[in-house]
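The following block contains the structure:
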């Protein structure tokens with residue numbers, strides 16, 4: 001494990017998130033209905049429910065996950081310098097998480113916790129329509145607090161990227177707010193992803209305040225941004241966010257995406273994947289591609305295209321950590 | 336966990352093997368050379384070497400593995416009734432292994448061990464040529480012994496299938512010999528896979544004796560069968576095995592396979608995969624397809640074709656547990 005302080009003088013992005021190992025398995029709609037799962041959503045569950053659901057799941061694949069961690073791993077794969085703040089336990093899944101994120105080159109300084117609940121796991125049910133339904137047992141993530149945020153790490157990053165899911169725990173939210181203060185004090189940019197429409201429902205007013213007062217770059221998909229502004233109309237939500245944040249990156253699945261910057265809108269064509277196998281991580285990879293462009297002086301449109309290409313790469317495969325070399329996508333996005 | 340005794344009155348196949356979770360990651364030939372790994376082989380390593388190699392590996396995917404367990408999971412996916420004998424520890428990887436094999440419907444009765452080394456892991460380095468190089472830390476597998484072999488489970492199975500890798504530990508070998516005795520006493524068939532050419536090198540004379548005196552069905556690839564008979568000529572090895580065992584199933588990778596039964600030889604065309612991504616599990620899946628046919632009254636040629644189709648399915652994907660529905664392959668192999 002790298003000692004604290006062993007990271008570059010200058011980082012492109014540092015992210016804070018729930019450090020999770022995904023358990024990915026195929027499922028059919030009948031099983032989702034029988035288990036009473038909300039399709040497409042991320043639902044928080046306790047240890048007992050996690051065991052019960054796991055017992056009903058088919059044979060799976062385990063892979064490091066966590067929305068923000070997926071983005072940081074992809075940023076590193078693209079060639080950016082990235083850091084990550086999150087909590088795992090000293091157990092086998094925690095060792096896997098820490099290994100994987102460091103193997104991509106991300107600076108991950110937090111020491112695994114010796115006691116308390118096990119490393120978080122997310123049961124990902126992938127249906128034949130490639131939708132993913134996520135059931136998350138947060139485990140050791142609930143131990144994340146302000147002390148986990150290394151001031152130097154955040155101070156050196158051009159962008160600090162917060163995962164909306166962290167609002168579900170007070171300590172984690174405090175960690176986010178501390179990181180936001182450090183970023184502001186160092187004249188850095190603050191980015192937020194809204195994570196999930198149900199998460200927006202739980203924390204709408206706090207997210208609204210944060211977006212207006214602190215956030216420089218907001219990431220949201222269609223259901224998240226319409227939930228934030230309590231409208232069913234995407235265009236209405238887009239105009240609302242335009243007035244409140246300097247840069248909003250709004251994804252719409254197979255319909256593409258739009259980068260909203262002041263009075264400009266940059267519509268981005270989707271990149272059709274060779275096959276649509278599992279949409280887990282599509283938003284995470286889009287954010288990674290966009291942030292790579294943003295921190296490497298690509299135009300907003302090129303950054304959006306790179307986001308789109310990265311999202312396409314992840315949905316062609318199982319799981320949210322991409323196997324194929326992402327760097328090869330950069331040139332195409334710039335032309 | 337199913338209570339002991341909760342399995343069908345009649346089983347098609349029960350297998351004994353090293354119960355392993357695979358850690359699969361991409362690697363290039365330069366890394367293999369630097370780490371001094373024997374490409375394409377399975378090498379046994381200790382805990383320290385496992386940690387050192389893991390630290391050099393890229394981000395991975397964890398998936399249940401174990402040669403024989405892969406075959407039993409595939410047999411269950413084909414619709415056969417299968418049982419499995421193997422050892423895991425009561426840890427997170429052990430829970431994953433037990434969950435996955437039971438989720439496919441395989442009867443797995445062994446209680447995870449509370450103490451001793453952790454559940455086995457195999458570091459699988461997949462090179463761009465789709466070859467897999469395996470480094471196995473046996474961990475809890477070394478606890479497997481005769482007491483783990485449930486007499487009723489073996490007695491009820493048409494075929495008992497032994498993994499050659501088990502010869503590397505005395506207790507596991509004793510478990511195999513106990514299972515062989517039970518199979519013989521109940522007039523059941525005994526199958527053996529030679530597992531790996533280096534494994535054959537370690538146990539050649541014992542394997543030769545076993546093949547001649549006890550085995551009804553032998554599975555081997557080209558390098559294993561030529562190693563067994565200490566010849567460089569495949570045809571010579573084929574004629575040697577023809578004289579010593581009733582049924583030999585010999586695979587030759589992309590050149591197809593041949594089923595040798597007394598004075599008959601059934602050459603089997605290979606089934607070209609849509610893509611060759613990772614050859615891990617090709618032999619395991621071939622054995623599963625063949626044993627499905629053998630226990631369901633398919634002809635030897637049709638059984639071989641099903642083996643070939645199953646092998647093709649697994650090399651199109653990462654890892655040795657197949658995602659796509661194997662049952663769909665049965666009809667094609669019969670025509």
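Residue numbers (my numbering), protein chains in the order written: chain D, 1 to 335; chain Z, 336 to 670.
Don't be surprised by glycine CBs; every beta carbon is placed ideally from N, CA and C.
Being a predicted model, the structure only gives us computed values, none of them experimental.
Taking 8 Å as the CB-CB cut-off, is residue i touching chain D?
i	result
residue 383 (chain Z)	no
residue 353 (chain Z)	no
residue 496 (chain Z)	no
residue 399 (chain Z)	yes
residue 663 (chain Z)	no
residue 681 (chain Z)	Any answer about residue 681 (chain Z) is impossible in this case: the structure gives chain Z only from 336 up to 670.
residue 408 (chain Z)	yes
In whole angstroms, what is the alpha-carbon distance linking residue i and residue j?
i	j	result
residue 79 (chain D)	residue 68 (chain D)	17 Å
residue 269 (chain D)	residue 51 (chain D)	41 Å
residue 660 (chain Z)	residue 408 (chain Z)	12 Å
residue 349 (chain Z)	residue 189 (chain D)	60 Å
residue 333 (chain D)	residue 304 (chain D)	8 Å
residue 232 (chain D)	residue 329 (chain D)	34 Å
residue 394 (chain Z)	residue 631 (chain Z)	41 Å
residue 456 (chain Z)	residue 356 (chain Z)	5 Å
residue 112 (chain D)	residue 91 (chain D)	8 Å
residue 459 (chain Z)	residue 258 (chain D)	41 Å
residue 107 (chain D)	residue 288 (chain D)	16 Å
residue 170 (chain D)	residue 139 (chain D)	14 Å
residue 452 (chain Z)	residue 411 (chain Z)	29 Å
residue 320 (chain D)	residue 24 (chain D)	10 Å
residue 331 (chain D)	residue 478 (chain Z)	53 Å
residue 323 (chain D)	residue 64 (chain D)	12 Å
residue 515 (chain Z)	residue 471 (chain Z)	25 Å
residue 96 (chain D)	residue 306 (chain D)	28 Å
residue 361 (chain Z)	residue 419 (chain Z)	29 Å
residue 119 (chain D)	residue 141 (chain D)	7 Å
residue 163 (chain D)	residue 488 (chain Z)	50 Å
residue 606 (chain Z)	residue 548 (chain Z)	33 Å
Inspect the beta-carbon positions of residue i and residue j and report whether they are closer than 8 Å.
i	j	result
residue 557 (chain Z)	residue 564 (chain Z)	no
residue 535 (chain Z)	residue 562 (chain Z)	yes
residue 429 (chain Z)	residue 401 (chain Z)	no
residue 406 (chain Z)	residue 619 (chain Z)	yes
residue 133 (chain D)	residue 41 (chain D)	yes
residue 127 (chain D)	residue 29 (chain D)	yes
residue 260 (chain D)	residue 241 (chain D)	yes
residue 465 (chain Z)	residue 650 (chain Z)	yes
residue 293 (chain D)	residue 302 (chain D)	yes
residue 529 (chain Z)	residue 351 (chain Z)	no
residue 526 (chain Z)	residue 552 (chain Z)	yes
residue 559 (chain Z)	residue 532 (chain Z)	yes
residue 346 (chain Z)	residue 437 (chain Z)	no
Can you look up residue i in the DSSP assignment and give me helix, strand or coil?
i	result
residue 658 (chain Z)	coil
residue 14 (chain D)	strand
residue 477 (chain Z)	helix
residue 573 (chain Z)	helix
residue 286 (chain D)	helix
residue 330 (chain Z)	Because residue 330 (chain Z) is not part of the residues shown, which for chain Z are 336 to 670, the question remains open.
residue 295 (chain D)	helix
residue 337 (chain D)	Residue 337 (chain D) lies beyond the residue range present for chain D, which begins at 1 and ends at 335; the question has no answer from this structure.
residue 492 (chain Z)	strand
residue 564 (chain Z)	coil
residue 395 (chain Z)	coil
By the criterion of Cβ-Cβ separation under 7 Å, what are the contact partners of residue i in chain D?
i	result
residue 393 (chain Z)	103
residue 431 (chain Z)	62
residue 428 (chain Z)	92
Indicate whether at least one CB of chain Z lies closer than 8 Å to the CB of residue i.
i	result
residue 137 (chain D)	no
residue 288 (chain D)	no
Quick one: which chain Z residues come within Cβ less than 8 Å of residue i?
i	result
residue 319 (chain D)	396
Using a C-beta to C-beta distance shorter than 7 Å, which residues of chain Z count as neighbours of residue i?
i	result
residue 26 (chain D)	658
At a CB-CB cut-off below 8 Å, which residues of chain D make contact with residue i?
i	result
residue 435 (chain Z)	59, 60
residue 389 (chain Z)	99
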